[in-house]
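Asker: I have a structure I would like to understand better, so I am pasting it below and will then ask my questions one at a time.
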Amino acid sequence: FLEALLEGANSHNLFTFFRDILNQIKRYHYFAMQVLGTNNQGHCNIDEQEMIMKLSLSKNSDDAVQFLDRYLLKSLQCVETAIDNPL
127 FLEALLEGAN
137 SHNLFTFFRD
147 ILNQIKRYHY
157 FAMQVLGTNN
167 QGHCNIDEQE
177 MIMKLSLSKN
187 SDDAVQFLDR
197 YLLKSLQCVE
207 TAIDNPL
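Residue numbers (the numbering used here): 127 to 213.
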């Protein structure tokens, strides 16, 4: 969903940059799941992604950006926790 959202921004550089970031997040989410287990709160939250989608569709870009920032920060924190607590 996030890739489709960014693609709609009509900015090739922005889309490419965030697509690379999102691909890295997916890889690290998988790694974190192996280390922390699937019940960890830092994992991909469907409710957050749904909120980003709804805010974007309603053209509420300020709130959508805040939720996207929070999602990316939680992803980073989840990865940091997994790295600090190896198998």
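Beta carbons: idealized from backbone N, C-alpha and C, even for Gly.
Everything numeric in this text was worked out from a predicted model, so none of it was measured.
#1: Examine the Cβ distances between the segment 140-160 and the segment 201-208 and report whether three or more of them are shorter than 8 angstroms.
#2: Could you tell me whether the Cβ of N149 comes closer than 9 angstroms to any Cβ of chain B?
#3: Kindly list the residues whose CB is nearer than 7 angstroms to the CB of A190, restricted to its own chain and excluding five residues on each side of it in sequence; keep chain order.
#4: By the 10 Å Cβ neighbour count, where 16 or more other Cβ atoms means buried, how is F143 classified, buried or exposed?
#5: Helix or strand or just coil, what does DSSP make of K185?
#6: Could you tell me the alpha carbon to alpha carbon distance between L194 and E174, rounded to whole angstroms?
#7: Report the rounded CA-to-CA distance for N186 versus M159, giving the unit in angstroms.
Answerer: For this structure:
#1: yes
#2: In summary, chain B is missing from the structure at hand, where a single protein chain is found.
#3: I178, L181, S182
#4: exposed
#5: coil
#6: 8 angstroms
#7: 32 angstroms
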